[in-house]
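Numbering (the numbering used here), first residue to last: 38 to 765. Beneath this line is the structure, given in structure tokens, with notes to follow.
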Ligand code: GDP
Ligand code: MG
């Protein structure tokens, strides 16, 4: 048996790493046409002619500094897990930028195979790439490929295996490039000291250590001090002197010089005939033409708003019919159960707890799917990256960073995301203060769990223009996030902003298959959550609404009344008398339910909050649903569904939850608006809070629960009270 080959997959964000990983391992990880999707590393296996390849998909990075967690994850993997070799995925249409990372791998002395991806696109734009020449100049194998259509996959695998078999770590020499007349002598001197003292040589090549000291890399410096403080301080002293020298004579610092020379090295490589551009390259590309309009200073944002609005409109228009279909299906189910089972705890659990609770959440699946389809289109087309690009300009004015855009969009800045991956994506932010500001404001957006809540309420109180409501809520979320970020950045997390450059991928026509896979993945996540977490919480909440039962004496009167009506009903023969008796019976049952509810745990909690919550017009049912919503926002729907189902009187029969809300006199448009704003802003859901704590500390987790809930309540009260004043 030949041993497993351990491989790392690395490259810039958006170079097609995940696409390649999926093609190699047969997995279906999410692919996206914007940077920053892969944060944690993922592993998979594949078998090639009897050899097992163990592949680790690393987070996308532009560099190997210690500034961001993604880069540290990638770097530590390379140094600590010593993979047999690394497949470096490059976007062939943008070699200059992509090779910057490659140079650093080579300097670190990692055995590499270069996968020049997106060759299809490079060729289409009139570029010709000489992979053999590049391979010769860098001393590493190079394979041209197009991961999306599977081109070059076999060749890559064979190159990887033969390279891994030929290479033993010692034969692979780290690349040495010149850093010019100022730094080269210093690097020489430092390498001498490093070799003499075997300083960190177990871990890094000497030249790499010297470069990292010059770049003032915190992690390597720290390790150096731990291993050998004397040598470390000697090296640091040399670095300080040369830094001062550069500052004085060149008005720059060593880190910038190092970057300049790396780019210089790459440019000279490319100019020697690796890339040849045909005439066509000089023409303005299709993407550039589109971008003249779509990212235009004034037109761009207008087009963006129009696209969002159209997306909501489509969601409601197309989704209405299947939504009604599902509502009827669940209604038919609960009627069926009511016909089979007599009134009992089991029947109440099935009908009120499960069907009216979870069913309410599930009936939004068609709407959610249509929206996810539109979103996947925008994402695969490359438009999301443009949105990020335009928002970057806006965000900087509020003390945020261009890297905050992706976390915001993923959290639901464009409705439908999820705060949890959004919060994890804040790891790409280098400044801890900007990261904190992003972490604390990302939960304000309309994530995929809040969307159905808004769909429900907008459908109930604004049936003529639900899309507008969703649109306005999106804007409210952005306003809140930006203002709160500004507030935090000028009070408790003050500090400088760091610069950022954003790269725009070309527009690409999405494939049907890709769109359907994306849509289905997201929809399935929603359905699975409804069938597991939401189901469990719904049952808990149903139990809290059913128990403890009221004491025997208090329900005695109602019970007797029900019994006497039932007795009379059995005797009565006249049709008119029967219908009036049936009505009476229903009323009595409703009364019984109400009595039971007000005794239950949830009823008491809900009523207990009323003295405060009435300021915003919230009654006990609203209160319970909001408390439940902290577990997961969809629970707001299921709890309202259960509450209305249990307290059902005559008006309830056969109506959808949204109709029940619209008919309930204790609701009004005003209360609906206040409620939606409250749901938008208040405490992040449980999993998000845990994520915030993991990314920062438990104090910030508690802060976000308390701060967001207070802010949300203040806004809801403001809306409700000022609205009432205007009305009266
Ligand atoms: P990652 O960020 O490096 O993981 O990149 P992804 O795998 O998410 O891919 C980024 C985008 O490039 C997606 O829209 C892919 O469909 C697209 N893509 C990936 N490989 C190719 C390719 O070989 N040719 C073309 N034209 N597009 C590709
Ligand atoms: Mg990826």
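Ideal Cβ positions, reconstructed from N, Cα and C, are used throughout, including at glycine. These numbers come from a predicted model, not from an experiment.
Taking C-alpha positions only, residue 503 is separated from residue 618 by approximately 40 Å. For residue 451, there is no enclosing beta strand (DSSP E), since its DSSP letter is neither H nor E. Judged by DSSP secondary structure, residue 672 falls within the alpha helix (DSSP H) whose first and last residues are 672 to 683. Every unbroken stretch of the alpha helix (DSSP H) spanning 4 or more residues and falling wholly within the region 440 to 516 is given here in chain order: 442 to 445, 456 to 461, 469 to 478 and 487 to 498. The beta carbon of residue 576 lies closer than 6 Å to those of 390 in the same chain, with the five residues before and after it left out. When DSSP states are grouped into helix, strand and coil, residue 313 belongs to the strand group. For residue 373, there is no enclosing beta strand (DSSP E); the enclosing alpha helix (DSSP H) has its first and last residue at 336 to 377.
Within the same chain, and ignoring the five residues on either side of residue 406 in sequence, the residues whose Cβ sits closer than 7 Å to its Cβ are 556 and 560. The ligand GDP has no heavy atom closer than 7 Å to the beta-carbon of residue 468. Taking 7 Å as the cut-off, one finds no heavy atom of the ligand GDP near enough to the beta carbon of residue 119. Residue range 657 to 665 is occupied by the alpha helix (DSSP H) that includes residue 659. Leaving aside the five residues that flank residue 428 on each side, the residues in its chain whose CB is nearer than 7 Å to its CB run, in chain order, 442. A direct Cα-Cα distance of roughly 48 Å separates residue 211 from residue 740.
Within the same chain, and ignoring the five residues on either side of residue 720 in sequence, the residues whose Cβ sits closer than 6 Å to its Cβ are 667, 742, 745 and 746. For residue 713, DSSP records no beta bridge to any residue.
The C-alpha of residue 230 lies about 15 Å from the C-alpha of residue 249. Contiguous alpha helix (DSSP H) elements confined to the region 572 to 624 occur at 572 to 583 and 589 to 608, taking only those with 4 or more residues.
Taking the Cα positions, residue 112 is about 29 Å away from residue 724. Rounded to the nearest angstrom, the gap between the Cα atoms of residue 376 and residue 496 is 30 Å. DSSP places residue 165 in no alpha helix (DSSP H) but in the uninterrupted beta strand (DSSP E) bounded by 164 to 166. For a cut-off of 8 Å, the C-beta gap from residue 345 to residue 295 is around 43 Å, too long to register as a contact. Not one heavy atom of the ligand GDP is found less than 7 Å from the C-beta of residue 176.
Pairing residue 654 with residue 757 gives a Cβ-Cβ distance under 8 Å. DSSP, reduced to helix, strand and coil, places residue 295 within a helical segment of the structure shown.
The three-state secondary structure of residue 157, taken from DSSP, is helix.
Inclusion of residue 184 in the 7 Å shell around the ligand GDP follows from its C-beta lying nearer than that to a non-hydrogen atom of the ligand. According to the DSSP assignment, residue 80 belongs to no alpha helix (DSSP H) but to the beta strand (DSSP E) extending over 79 to 85. For residue 324, the shortest C-beta to heavy atom distance toward the ligand GDP is 7 Å or greater.
In the structure shown, residue 738 adopts helical secondary structure according to DSSP, grouped into three states. Straight across, the Cα-Cα distance linking residue 439 with residue 127 is about 23 Å. Its chain contains 435, 436, 437, 474 and 478 as the residues whose beta carbon lies nearer than 7 Å to that of residue 522, once the 5 sequence neighbours on both sides are disregarded; these appear in chain order. By the 16-neighbour rule on beta-carbons within 10 angstroms, residue 620 is exposed. Residue pairing of residue 123 in beta bridges, as defined by DSSP: 45 and 149. Using a Cβ distance threshold of 8 Å, residue 93 and residue 114 count as a contacting pair. One alpha carbon belongs to residue 702, the other to residue 708, and they sit about 11 Å apart. Excluding five sequence positions before and after residue 508, the CB atoms of its chain that fall closer than 7 Å to its own CB belong to 345, 346 and 349, given in chain order.
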